[in-house]
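Student:
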Amino acid sequence: MASQRVFQLGLRRAGVPSLSKFQPAGRMAQRRFAATQHVEQSEGQEILRKQRLQRPVSPHLSIYQPQITWYASAFNRVTGVMLSGGLYLFGMAYLAAPAFGWHLETPSMVAAVASWPLIAKIAAKATVAFPFFFHSINGIRHLSWDLGLGMTNKTVARTGWAAVGASVALGLYYTFLG
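Per the UniProt record's numbering, the very first residue in the sequence shown carries number 1; after that it's consecutive.
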């Protein structure tokens, strides 16, 4: 390694074109050493704050046209959290019910829901039906992508709208007729 370095320095001094593709021929590389000084933490934070104000902001979402894939992906995550969160809450309540004297067994739940007004029943069914069907249908869509099916832009957009339409149709069917 040292012999290569000595050879390169000798070529530079002789004015021979550089062997390095990063350095112009016949010139010495300029080296600048970092000058440091000690500053207090608060002063350093202020320097960083001023530097951040000068940084450009990436336009990211504002320059792209919104697509069905954005909304479907975000809604798929939200519905997954809603459904799993509800399942976990009910599961913990079901396990804790005997300790607190709650009655979460099936006959008690059926009697409680039967006493609700019709609008509350419809709202409860819709609150569960629409996220469930969208998450399920969109999950099938993602499984087909895992198999390499339907990966063109046109097909992705078409299946996205089909998932929305099917989940609305199934959600309405379950809410009002099921």
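Note that the Cβ used here is the ideal one computed from N, Cα and C, for glycine as well.
Treat the numbers as computed from the prediction; the structure is a model and nothing was measured.
Could you check what DSSP says for R32 in three-state terms: helix, strand or coil?
Tutor: coil
Student: Select from V78, R31, Q4 and A97 the residue whose C-alpha is nearest the C-alpha of G139.
Tutor: V78
Student: Under the three-state reduction of DSSP, which class applies to F115: helix, strand or coil?
Tutor: Sequence inspection shows Ser at residue 115; the Phe mentioned does not correspond to that position. Three-state result, S115: coil.
Student: Taking only the alpha-carbon atoms, compute the straight-line gap between Y173 and P117 and give it to the nearest angstrom.
Tutor: 20 Å
Student: Under the three-state reduction of DSSP, which class applies to V39: helix, strand or coil?
Tutor: coil
Student: Between which two residues does the alpha helix (DSSP H) containing V81 stretch?
Tutor: I68 to F100
Student: How should R32 be labelled, buried or exposed, when 16 other C-beta atoms within 10 angstroms of its C-beta is the threshold for buried?
Tutor: exposed
Student: For the alpha helix (DSSP H) containing L170, name the first residue and the last one.
Tutor: Its alpha helix (DSSP H) spans residues N153 to F176.
Student: Among residues of its own chain, excluding the 5 on either side of A111, which ones have a beta-carbon nearer than 8 Å to its beta-carbon?
Tutor: Same-chain partners within the cutoff: there are none.
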